[in-house]
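One structure is given below, encoded as structure tokens.
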Amino acid sequence: MSTSVPTLHTIVSLPDQSTATLPKKHYINNEHGLLSWLLTGDHKRIAMLYLISITFFFFIGGAFAGLIRLELLTPQSDLVAADTYNKFFTMHGIIMIFLFLVPSVPATLGNFLIPIMLGAKDLAFPKINLLSWYLYLIGGTLTLAALVLGGVDTGWTFTTPLSTHYLNTHVLTAATAIFIAGFSSIFTGLNFIVTIHRMRAPGMTWFRMPLFVWSNYAASILMVLGTPVLAIAIVLVALERLVGIGVFDPAKGGDPLLFQHLFWFYSHPAVYIMILPGMGVISEVISTFSRKRVFGYTAVAFSSVAIALFGFFVWAHHMFIMGVSNYSALVFSLLTMLVAVPSAIKIFNWAFTLQKGSITFETPMLYAFGFMGLFTIGGLTGVFLGSLGMDIHLTETYFIVAHFHFVMVGGMLMAFLSGIHFWWPKMTGRMYPESLSKLAAVVTFIGFNLTFLPQFILGYLGMPRRYAAYPPEYQVLNVLSTAGATVLGVGYMLPLLYLGWSLKYGAIAGNNPWQATGLEWQIQSPPLTENFIETPIVDYEAYDYEWLEKKQREEVTTVG
Amino acid sequence: MDNVIATHPHTHETAVPAEHEHVVLPQHRHHFETEEQQREAGSFGMWLFLLTEIMFFGGMFFAYLLYRNWYYPAFTVASNQLNVPEGAANTAILITSGFFMALGVWAAEVRKKGLLVVMLILTTLFGVAFLGVKADEYHEKYEKHHIPGASFSTAMFTNPAAYGLKEEPLAPDMAEHTQIFFFLYFAMTGMHALHMIIGIVILFWLTWRAHRGEFSAGYVAPIENFGLYWHFVDIVWLFLFPLLYLINRHPLK
């Protein structure tokens, strides 16, 4: 693999972009017209369609977050009535989880990059890929319909018997939306698994795949095995509401806890569906901007699979206070602790990757640092919640809200933004404005901590979640949190604006602006419709910077 | 872009006529390197899809397991009200349908167009027959007021003697739980029937395509993959039949 010549220096100087030009032909200008996008089979175009749609839903979900924080500015429920507040947090949860977080990295970056990283021309099933985008749109439209018709107030968890017997809002519309969006996610996962198994280029062995592919593979397993269980749980809720079949109705001998088991059998693995692809992004970014192979590549690869595996056996930790037996609570508590191990392996390995690396602080790297810190806090507080005694005190309080926002927003959203910045030059062929984006990364980090750190304290003090009003002594911390949400909102608006701006006015990026080793950086940006001029033959390991250096030296000599 | 096409090993332009076993099929999709890769990807995708189906039905099997343990007496007497002869006949019908499907896959592989069409039609006919018997069973449940919901009646279980049944009468609260059995019966067989209906619609489409000769030149992936789906639907029934119909054939006492 490596030559006997010791190459101690690494590539730190990025190429001069003033000489870079946009290629004449690429996937964006290959065909023209709206229909060429709406009927496309090209994974890159579908990724862009997804990117536009999930951004749309992200800002709708974000608007509800803003409304929630605005209501919580004062102790009384004065901005809106309590039942309207219930609708706010329900819509925020449904939109953010099913329409943003689950598809965020896999359906955009994964769709765009996995075939290229494997050296393939497309995903295995391009038509199913397009179908999954349409299913997503139908699910999204139905969610908006539920919203416009008057909203849902079950919480995103559709807890029975609340959702089946006590509420007269648009539960069925929202449930149908989630059912359909779920199939979108199943088809994405199925497509990825088949592609990763069957479409790898010659020489692309399993342990030469970038870690981004490994983590999306693990997430795909969860999508394929978990989502159908959510689907059947939702079908049963719908039947219970429509014809009163009694399967979750204690009056008829049904068991509401059965719904919890079915729901969390999906919805716990779902948090790994959300975070795993983000971890893949972080592996790529940390390696690229440290100019070092990811420390313990195999361990990081297997830790993704381990998270997927353990993730299926911890669901009952959402139900510790719901009357499950002490023995099963004990077992699930232990299993919950176990799942922390592979996550910690990742964090430690990234830290060791940084050690003695040639680190530079481009925007994706800033977001990645944000991820590492915030995800660690989110993950460790998860261990608190996995301990039975602590859970009884902390569950259903703001502590848990802070915990999962640290993982999902501090972790996943940071990873998503990191990835979007990192691959933006590849996707669009243009650079984003560097200093403005660094500012956005810092603003996001500050805003995030200001929003959610106070919520840990609020939860520990006992403020319950999902109420529009609270005792006046909690106001100071709530005001801090709302102020933070404002800053955070600015932090998220900035990328929307400057990334949009950069589409037309950004500097031209060139093929490999970061000097990264991945296959996607060895082709033109934006790529051709078929990605590669000829099928690549992979004869080097992932993250082999010496290989890259040698390749570039040889290129220079041939040109000279 | 021209060079992209030219380097592709399996387009019409570059395929070598001498490799007569390697005639390029019109159904070959450009993003697969070889037809073998396309075929493998397709069947692998189908197996994964069936895995998601197992998880989907798994949720209902889990509910069945739970409630059968809780309400065993209600489940046994309610199960006795199912029509075992019709259920058994349906099992035979479905296995026969699956047998013709298997023959259909074989017919496609040996490129016998006429035989394939006949087999697909026979598969469809037996599938429709299954649904017909199922509809008759559902109608019987309707007449007995065994459909969960407003018109559900537990009279047959609280006072079996009045209906000429030799069952032990159930206490009213346990009798109420027969509704859960019948709900699971309708949910599970209904979901199974829905899969059958979808399958039959696809069969019409496949028969039409087979009639046009699309599967007679070596391209058999749709037939093979549909065969997997159809056999999966069979197998689900092979679990449903004993669990729902036969659970009290050998009572515990």
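Those protein sequence lines, which keep their order, are chains A and B. Quick note on my numbering: the first sequence kicks off at 45 and runs consecutively. Quick note on my numbering: the second sequence kicks off at 1147 and runs consecutively. Even for Gly, the Cβ is constructed at its ideal location relative to N, Cα and C. The structure displayed is predicted, hence computed values, not measured ones.
As assigned by DSSP and simplified to three states, the class of residue i
i: ILE1293(B); result: coil
i: ILE552(A); result: strand
i: THR579(A); result: coil
i: LEU606(A); result: Not covered by the structure: residue 606(A). The range shown for chain A is 45 to 604.
i: THR441(A); result: strand
i: PRO477(A); result: coil
i: LEU211(A); result: coil
i: LEU1194(B); result: helix
i: PRO508(A); result: strand
i: LEU116(A); result: coil
i: LEU1392(B); result: coil
i: LEU572(A); result: strand
i: VAL1150(B); result: Its pLDDT being 40, under 50, VAL1150(B) is placed unreliably by the model, and the measurement read from it follows with that caveat. The answer is helix: DSSP assigns VAL1150(B) an H, G or I state.
i: PHE156(A); result: helix
i: LYS1287(B); result: helix
i: ASP435(A); result: helix
i: TYR1217(B); result: coil
i: ILE72(A); result: coil
i: GLN499(A); result: helix
Contact belief for residue i with residue j at Cβ below 8 angstroms, rounded distance in angstroms
i: ILE1346(B); j: VAL1274(B); result: 7 angstroms
i: VAL149(A); j: PRO321(A); result: 4 angstroms
i: ASP435(A); j: PHE364(A); result: 5 angstroms
i: TRP394(A); j: ILE319(A); result: In fact, because the Cβ distance is near 14 angstroms, the residues do not count as touching under 8 angstroms.
i: GLY290(A); j: GLN1183(B); result: The pair is not a contact, with the Cβ atoms about 49 angstroms apart (cut-off 8 angstroms).
i: VAL526(A); j: LEU117(A); result: The sequence as given places Thr at residue 526(A); Val does not occur at that position. Yes, they are in contact, since the Cβ atoms of THR526(A) and LEU117(A) sit about 5 angstroms apart, within 8 angstroms.
i: LEU605(A); j: PHE354(A); result: The first residue shown for chain A is 45 and the last is 604, placing residue 605(A) beyond what the model contains.
Pairwise C-alpha distance: residue j and residue i
i: LEU1340(B); j: THR1198(B); result: 16 angstroms
i: LEU1386(B); j: ALA1248(B); result: 22 angstroms
i: GLY1336(B); j: PHE102(A); result: 37 angstroms
i: SER1297(B); j: PRO516(A); result: 52 angstroms
i: LEU1228(B); j: PHE1378(B); result: 24 angstroms
i: PHE142(A); j: LEU283(A); result: 21 angstroms
i: PHE357(A); j: GLY194(A); result: 37 angstroms
i: PHE1195(B); j: PHE448(A); result: 31 angstroms
i: HIS1357(B); j: GLY1364(B); result: 15 angstroms
i: ALA1367(B); j: SER1189(B); result: 8 angstroms
i: VAL1382(B); j: HIS1338(B); result: 7 angstroms
i: PHE100(A); j: ILE403(A); result: 34 angstroms
i: THR239(A); j: ILE230(A); result: 14 angstroms
i: LEU95(A); j: LEU540(A); result: 11 angstroms
i: HIS1154(B); j: HIS70(A); result: Any reading at HIS1154(B) must be qualified, since the residue scores a pLDDT of 43, below 50, and its modelled position is unreliable; the value itself is stated next. Rounded to whole angstroms, HIS1154(B) to HIS70(A) spans 18 angstroms at the Cα level.
i: ASP60(A); j: GLU599(A); result: 16 angstroms
i: THR208(A); j: PHE292(A); result: 8 angstroms
i: LEU83(A); j: VAL486(A); result: 39 angstroms
i: PHE1221(B); j: LEU1390(B); result: 9 angstroms
i: SER369(A); j: ILE278(A); result: 25 angstroms
i: HIS87(A); j: GLY535(A); result: 29 angstroms
i: GLY1250(B); j: ALA245(A); result: 35 angstroms
i: TRP666(A); j: MET1201(B); result: This structure leaves residue 666(A) out entirely; chain A is present only between 45 and 604.
i: GLY1351(B); j: GLN1173(B); result: The residue asked about is misnamed: residue 1351(B) is Trp in this sequence, not Gly. Near 17 angstroms, if we compare the C-alpha coordinates of GLN1173(B) and TRP1351(B).
i: PRO1110(B); j: LEU1316(B); result: This structure cannot settle anything about residue 1110(B), because the visible part of chain B is limited to 1147 through 1399.
i: GLY226(A); j: GLU590(A); result: 43 angstroms
i: VAL1308(B); j: MET1302(B); result: Here residue 1308(B) is Ala; the residue named in the question, Val, does not match the sequence. Roughly 8 angstroms separates the two Cα atoms.
Spatially closest choice to residue i from the options, by CA coordinates
i: GLN566(A); options: LEU543(A), GLU585(A), LEU592(A), THR573(A); result: LEU592(A)
i: ASN73(A); options: LYS595(A), ALA586(A), ILE577(A), LEU572(A); result: LEU572(A)
i: PRO386(A); options: VAL349(A), VAL445(A), PRO498(A); result: VAL349(A)
i: LEU1384(B); options: THR1300(B), PHE1329(B), GLY1233(B); result: GLY1233(B)
i: LEU1392(B); options: VAL1223(B), ARG1185(B), ARG1175(B); result: VAL1223(B)
i: ILE1344(B); options: HIS1292(B), TYR1331(B), ILE1369(B), TYR1375(B); result: TYR1375(B)
i: THR332(A); options: PRO272(A), LYS131(A), LEU563(A); result: LEU563(A)
i: PRO477(A); options: LYS400(A), HIS362(A), TYR310(A), PRO408(A); result: PRO408(A)
i: TYR261(A); options: ARG242(A), LEU186(A), PRO272(A); result: ARG242(A)
i: THR213(A); options: ALA225(A), ASP197(A), GLY226(A), TYR542(A); result: ASP197(A)
i: ALA553(A); options: MET507(A), GLY544(A), LEU274(A), PRO469(A); result: PRO469(A)
i: PRO254(A); options: PRO272(A), VAL338(A), ALA225(A), MET267(A); result: VAL338(A)
i: LEU280(A); options: PRO205(A), LEU457(A), VAL520(A); result: PRO205(A)
Inset, instruction - Note down, in chain order, all residues in the stretch 1175 to 1186 of chain B with a beta-carbon under 9 angstroms from any beta-carbon belonging to chain A. - result: For the stretch 1175 to 1186 of chain B, the beta-carbon criterion of a distance under 9 angstroms to any beta-carbon of chain A is satisfied by ARG1175, HIS1176, HIS1177, PHE1178, GLU1179, GLN1183, GLN1184, GLU1186.
Inset, instruction - Please list the residues of the stretch 1222 to 1252 of chain B that have a C-beta atom closer than 9 angstroms to any C-beta atom in chain A, keeping them in chain order. - result: Residues: none.
Inset, instruction - For the stretch 1203 to 1221 of chain B, enumerate the residues whose C-beta is nearer than 9 angstroms to any C-beta of chain A, in chain order. - result: Cβ contacts with chain A: PHE1203, GLY1204, GLY1205, MET1206, PHE1208, ALA1209, LEU1212, TYR1213, TRP1216, TYR1217, ALA1220.
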